[in-house]
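Visitor: Going by my numbering, the first residue of the sequence shown is number 1, and it counts up by one from there.
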Amino acid sequence: MKRYHSLNIYFKIVVWSVVLMIITTLVSVYFFTVNQYEVPLGIIIGLGLGAFLYAMTGLIVLKDKDSNWLLASNFIRLLVLGGAIFGVGFLYYKMNIHAINLFALVGGYTAVIIIFVILTLIENKKESNK
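Below, the structure written as structure tokens:
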């Protein structure tokens with residue numbers, strides 16, 4: 001627990017995203033067995049994508065907090081998310097491959113953003129109480 005509190009906010013986001021991804025995988029086992037895997041797979045990929053991109057940002061912050069790379073990582077995060085949405089949409093609508101649900105992918109990534117907002121509010125409350 002002490003090690004968790006020493007992490008910066010980006011790595012805390014990664015921890016909670018992985019926990020949510022494991023819970024989603026365990027809950028959605030039923031959907032994988034009845035060949036309804038589009039939505040759970042989209043959520044899991046969205047959570048994994050968000051965790052990876054926030055881990056990248058966390059590594060940049062560890063190296064240099066006042067770097068221009070931090071701004072670049074936020075731009076890269078948006079480009080990768082846009083590319084993933086475009087790729088899944090292209091597979092779904094043009095190639096007629098219904099393996100991943102587009103809205104579930106966005107929902108999985110949105111869950112990571114919600115985790116970010118909650119952790120930021122908690123951090124700000126702790127700082128204001130000091």
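Yeah, the Cβ is synthetic: ideal placement off N, Cα and C, and Gly gets one too.
Note that the structure is predicted; figures quoted are calculated from it, not measured.
1. Please confirm whether residue 24 and residue 45 have their CB atoms less than 7 Å apart.
2. With the cut-off set at 7 Å, would you say residue 73 and residue 60 are in Cβ contact?
3. In whole angstroms, what is the alpha-carbon distance linking residue 101 and residue 112?
4. DSSP on residue 99, reduced to helix/strand/coil?
5. Closer than 6 Å to a non-hydrogen atom of the ligand ZN - does that hold for the CB of residue 34?
Guide: This is what the structure gives:
1. Contact: no.
2. Result yes, Cβ atoms of residue 73 and residue 60 sit closer than 7 Å.
3. For the pair residue 101 and residue 112, the Cα-to-Cα distance works out to about 17 Å.
4. Correct three-state label for residue 99: coil.
5. Because no ligand of any kind appears in the structure shown, any question about the ligand ZN cannot be addressed here.
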